[in-house]
Amino acid sequence: MQAFCEIVESAEKRVDARIWREFEFALHRELTKEQNMALAREFVEDQLCARGMAAQLNFHFDKEEKTGDENHHCHVLVTTRRLDEDGMNPKKEEEWNKKELLLDLRVQWQEYSNFHLKLNGHDVRVDHRSHKDRGIDIEPQPKMGKGVLEMERRANPENKPDSFVTDKAQAFHDTQLRNLYRIMRKPEVVLDIVSKHHSTFMWADVRRVLHRYVDELPLFQKLEAKLKNSNELMLLKEDPEGKSIYTTRTLLKAERSLVENADVLGKANTHGVSASSIRPALEKANRELEKFGGLSSDQVRAIHHLVDEGQLKCVVGIAGAGKTTALGVCHDIWKAEGYAVYGLAPTGKAAQNLETKSLETKPLEQSGIPSSTLHKFLKEFEEGRCQYNQTSVLVLDEAGMVDMERFERLLGAVKQLGVKLIVVGDGAQLQPVEAGPAFRLVTTRLGKVELNTVVRQKEEWQREATVLFGKQETQAAIQKYMDKGHVHIIEEKLPTLHEALDRGDHEGVLKLYEVSSRTSSLIYREMMRDINKMSLEGSAYALTKQHQDFGRYMEWKGLQKSSAAQILKEGEVYRPLLEARCLDPLRLAELFLDKKQDKSAQGQQALDLLKKCGLDELVGLKKHQRQGVDVRQEAKSALIQAWNTGFKKQPEKTSVMLSFSNRDTNDLNCSARALLKESGHIERHEFTYTIAKRIEDDFEREYIIREEKNFSKGDRIVFTQNTKSLGVKNGTMGTITDLRPQTMKVKLDEGKEISFAPNLNPYFDQGWAITIHKSQGTTVDQTYMLASFEMTQNLAYVALTRHREDVHVFGSSLDFWRPEKLPEALAKSGEKLSPGDYLDAESLNKLMKQHDRLLTKIFERVSNELEAMGAVSKKAFWQVADHFLGAQKDKGIRVTSKILEMSVREEVRAEELLRKKVTTPLPPKILMLEYTSQTTTQQTDHGFEGKVYSPSSARVVSNLMDAKVVSEALKQNMASFADHIFSSLSEPYNSASSSAHERRYGTKGHIAVNLKTGAWIDHKNNDMAGGPLHMLTKLKGLEFKEAVEYGASWAGLSRADTHQIANPLISRVQASEKKEGELSDEEKARIDRAQVLWNKGRLIQGTLAERYLREHRKIEGPLSDDLRYLPFFTDPNSKWSFPCLMAAAKSPEGGVTAVQLTFLNANTAHKADIPVNKRSFGILKGSAVTIQEGKGSNVLFLAEGVETALSLRSTGVQGTIKASLGLSNIKWISLDKV
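Using the numbering used here, read the sequence shown as starting at 7 and increasing by one per residue.
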């Protein structure tokens, strides 16, 4: 370093010459030290060093001693002269001093930061623009760290107003007051902030942002009301439970503008080419690609589509389908026609990739497209410096990462310049950082050409799976590999707590705690996810008890608590282990707190407990990213053994092991090298080199670490950076043929041999196993993948499309405790939504026709100005008055916790909204029942009959519904209604305190309900009392009108019941005699319950139910549509939940009248080991399960059970085969109707 500094300084002649220039930027608190360093180094290398600057980085991860504030930042010193082969350039670079460069670097730092934050799992974004430039009239508030808050609390324990001891607290208060004025003046600024990164949002998101600036409850409520009535707010989907979906008028206009511009550009008859240019280009490409079979039909169709007339063309290409080749041929055609072709991409890295992408053959390698970032293009256009015209063609790559606002600006620029735009993307890529899935909107509106002909995989079913991956049907794709036996779930071996204690294995006890904590948390999160999908009513805990994984969850939770108790019991012994593992003991203590206490009391109880154990000084320890517990040891061992067997059997085949994390990759490489040295496939003699490990995926997630690693002759290596002098690219793989301390010779997989100095070119790594990110662009014969729960559908897509011949997936039972969890976990999506996803075209047009009311807006603006001045002045006045009068007001947040309720993230809503429906449509009869009935009686998964409130049905009830009638109807079923209300509030029924006339709720029975009068009272709060409807207004927070509608819907009242008692009561009083053969009301209700249960079932293919029939009952051939799979159902006898095989018994008319459930073991797929493992619901009389339709045959085979009927069908007999589901039902089956 000193020698380099001397070279830099010697280039200057003047004593006062400027030698260095300094840049400084803040690092992100959300990222770890290593992640921040990787981000900064990547940014400096790409944006500074690539310009010719030599740079040195100094990282500071400081912490203010007085305040405790973290001050993470980086100083970068760069040279003022360009560094080349001859040393420092004699001429200084004046361009480096211009403001434009600084502004461009700010933009690039935003892009790099946001991608690293997104890919490291943080839902926060940075913006280089000021609030003013972003159109947000809010002043950035100074940060008040924990240290400042603690100092204020200690200095002002009585919460006296306007008593600040730190400058930061005073500045924060002043800024908050100014921002309050801005929000009062223009409340819509809150909507601007909320909709910056998500074009659809929930009201809880608005509340969260508003709460950031307003802490007075009355003022908060007033502003909230203004926002709800704002002309800018647009309701997309109404939900009575507070989960309505909103957007803004501005975003709706942007979406409409985007679609309109796309329509105009798509219909333009410009930029056509002649057939004389197309034919030679296609012939040339076919000659060059002759050994690959020439261009595919998809590629030819895509080429014709892209060069056809029109200013806007879209193409979507999946992995291995030849998208780059098609673009190269189009490039040649456009050049022959006199068009200049330029590339655009959302990031600098993607633009570089577009320039350097090569095709399959060398003559086509020079078809790289000169490219720049999209932001630079838009900036040049808006400043009038854009040189593109009607003879230009722009190719936008990675279009899926472009947000709505930027895409709209791009189409506007294309329209004005008259250029042609080619939009290229892959549906499996990352979503845009800011709001709106513009790429999906444009391709949906205009249509697109798809490249779906896969040429990489040899097996037809594997090619089909690749196409499914490209269509984001990840679960179906993975299921194909599971069906073929290519997915293996390995059971992890862990000692019991008693075994670890008997051996005195303290590290083993600590590992049991870490594993059980992680696994129980994972299972609970997945149980809640399943419950939310099924939209079941009731308390969360009560519903989880009915889930098939609840028993497994309780086992892990019990192990977590037992191991934590042992650790706390011997605190001094475990203290160094906890410190080494960076485990915060507060998490252990929280398992033993009295949850009935308030939060502050619980916190004090935890600290007291840790003080007794001698662990209080470790509170606040933070685990580093690489310190997670290893939960895949046995899975990695199984993968290594399978890979080693395949390698020895066919050493000429290329193979690779893939994993998600660097840690797993290193473990696999170490194990592989140990086996290969033992077998003699690589030399035992090793050389140690310091490598620069650059781990990145195709979405720019990178870590740069310098570390020492061992290499031997015969080792596989992977290059981790494009190095032009060596002719290698990031991801190129090869085999070491010779080693010396200063040189390494490698034979690349494509046959080329190279030699290089490892100390000068340190960007390589061991290549037996690589990360999935690094495998992008790699093709091998055989792949072995280590699956992990953290993976997404994008990573699964990459990993399972690298092979030509075969792939095997290995997963840990601690990640995937049931086989079905693996495809579910690997299919996680993060797609963004647009307002159009919630509206049809007609509804969208109606919303857009609601023109702005100019005069009303003017009056509102004046009114807001006056209110803002009054509110802020009043607040400031009372602070001064309180100070002099000595009044003590509560300081800080005075908004109820309900305001901070969690919203459902847009990515989660997208997964639900955009997921393709695979369930069978409901029969017309059931659809009609749902349309005409105000209440739905259903058989819930825990075996009890309940009534479900239907929002749509509530709107059918007359607005003039008599409240007395509704109240009287609720009183008639007061016990059930009270159970329904209080169970939803997590207040359990207290049978010990109840009597025949009064029901009690709550753990201590503090809520009393009179079953005769309907009166109720909460003895903890006497204000909480009243009649049945008051339960809805006071406890549910409904308006009185909403409460009447809710109660009417629950009680089953219709319009005709306005002056009568509820329908169920009338039916009992006025019931007429049942005609012969007609079903009673009770029988109809039982059939309805059976049909509701049947509609909850899923298709049987790829489920535990199919596994039961195939593996244990040896059933072959297609399965009947009358068989389905139910994920979980609670057996009313054992009170345990089980997955089930469903069989529907249908009447001769074809309607479902009964359902039989066969309870299964979730692990083995055998029948559940309980006394009664089958249960039937509905009316079975005369109905049967159809296993085979005997078309053209009058022979009927009747079997008692489904399994028997399926076995009969497997023999190949001709005729109709039915299962009666019981011997007693056989006599009721009408042969004439059959």
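Cβ coordinates follow ideal geometry from the N, Cα and C atoms, glycine included.
Please read all numbers here as calculations on a predicted model, not as lab measurements.
{"Query": "How big is the Cα-Cα spacing for Thr1222 and Val1098?", "Result": "27 Å"}
{"Query": "Note the first and the last residue of the continuous beta strand (DSSP E) segment covering Cys1146.", "Result": "Ser1143 to Lys1152"}
{"Query": "Under the DSSP definition of a beta bridge, which residues are partnered with Thr741?", "Result": "Arg722 and Lys753"}
{"Query": "Give me the Cα-Cα distance between Asp22 and Glu15, rounded to the nearest whole angstrom.", "Result": "11 Å"}
{"Query": "Please report the distance separating the alpha-carbon of Ile1093 from that of Thr1159.", "Result": "5 Å"}
{"Query": "Straight-line CA distance for Phe770 to Ile697?", "Result": "6 Å"}
{"Query": "Can you tell me which of Glu1122, Phe1134 and Ile1176 puts its alpha carbon nearest to the alpha carbon of Gly1218?", "Result": "Glu1122"}
{"Query": "If we ignore side chains and look at the alpha-carbon of each, how far apart do Asp571 and Ser1153 end up?", "Result": "Position check: residue 571 holds Ala in this sequence, whereas Asp was assumed. Rounded to the nearest angstrom, the two C-alpha atoms are 58 Å apart."}
{"Query": "Which whole runs of the beta strand (DSSP E) in the stretch 231 to 302 are 3 residues long or more, in chain order?", "Result": "239 to 243 and 251 to 254"}
{"Query": "Starting from Ile496, follow the beta strand (DSSP E) in both directions and report where the run begins and ends.", "Result": "Val493 to Ile496"}
{"Query": "Using a Cβ-Cβ cutoff of less than 6 Å, which residues in the same chain neighbour Val84 once the five nearest sequence positions on both sides are dropped?", "Result": "Arg27, Leu54, Met59 and Ala61"}
{"Query": "I'd like to know whether the C-beta atoms of Ser569 and Ser606 end up nearer to each other than 8 Å.", "Result": "no"}
{"Query": "Could you tell me the distance, in whole angstroms, from the CA atom of Thr331 to the CA atom of Asp314?", "Result": "17 Å"}
{"Query": "Decide if Met208 is buried, meaning its Cβ has at least 16 other Cβ atoms within 10 Å, or exposed.", "Result": "buried"}
{"Query": "Are there 16 or more other CB atoms within 10 angstroms of the CB of Lys827, so buried, or fewer, so exposed?", "Result": "buried"}
{"Query": "Per DSSP, Cys320 forms a beta bridge with which residues?", "Result": "Val429"}
{"Query": "Leaving out five residues before and five after Asn965 in sequence, what residues of the same chain have Cβ atoms less than 6 Å from its Cβ?", "Result": "Low local confidence applies: a pLDDT of 37 at Asn965 is under 50, so the model's placement there is unreliable, with the coordinate-based value given in what follows. Here the set comprises nothing."}
{"Query": "With C-beta atoms as the reference, is Ser667 less than 8 Å away from Ala775?", "Result": "no"}
{"Query": "Do the CB positions of Leu239 and Thr254 come within less than 8 Å of each other?", "Result": "yes"}
{"Query": "Check whether the Cβ atoms of Pro582 and Leu621 lie closer than 8 Å to each other.", "Result": "no"}
{"Query": "Could you give the first and the last residue of the continuous alpha helix (DSSP H) run that contains His337?", "Result": "Lys329 to Ala342"}
{"Query": "Less than 8 Å between the C-beta atoms of Ser661 and His691, yes or no?", "Result": "no"}
{"Query": "Going by alpha carbons, who is nearest to Cys588 out of Glu466, Glu830, Glu1112 and Lys517?", "Result": "Lys517"}
{"Query": "Using DSSP bridges, identify the partner residues of Lys192.", "Result": "Answer by DSSP bridge pairing: none, since Lys192 is not bridged."}
{"Query": "So, helix, strand or coil for Pro4, using DSSP?", "Result": "In the structure as shown, the chain begins at 7 and stops at 1240. Residue 4 is therefore absent and cannot be evaluated."}
{"Query": "Considering only the beta carbon of each residue, do Leu1163 and Leu1132 sit closer than 8 Å?", "Result": "yes"}
{"Query": "Taking the straight line between their C-alpha atoms, what separation do you get for Ala1111 and Pro1145?", "Result": "8 Å"}
{"Query": "Rank Ile529, Asn1167 and Ala1171 by C-alpha distance to the C-alpha of Trp1142 and give the top, closest one.", "Result": "Asn1167"}
{"Query": "Would Ser377 pass as a contact of Leu350 if the rule is Cβ separation under 8 Å?", "Result": "yes"}
{"Query": "Cβ atoms of Ser997 and Ala548: under 8 Å apart, would you say?", "Result": "no"}
{"Query": "Would you report the Cα separation of Ala833 and Gln485, rounded to the nearest angstrom?", "Result": "11 Å"}
{"Query": "With a threshold of 16 other CB atoms inside 10 Å of the CB of His1003, please say whether the residue is buried or exposed.", "Result": "exposed"}
{"Query": "Check this for me: beta carbons of Leu624 and Glu585, under 8 Å apart or not?", "Result": "yes"}
{"Query": "Report the CB separation of Leu423 from Asn395 in whole angstroms; it is logged as a contact under 8 Å.", "Result": "6 Å"}
{"Query": "Starting from the Cα of Gln554, find the closest Cα among Gly406, Leu613 and Asn1169 and give me that residue.", "Result": "Asn1169"}
{"Query": "If you compare alpha carbons, which of Leu474, Ala1057, Leu452 and Thr738 is closest to Val270?", "Result": "Leu452"}
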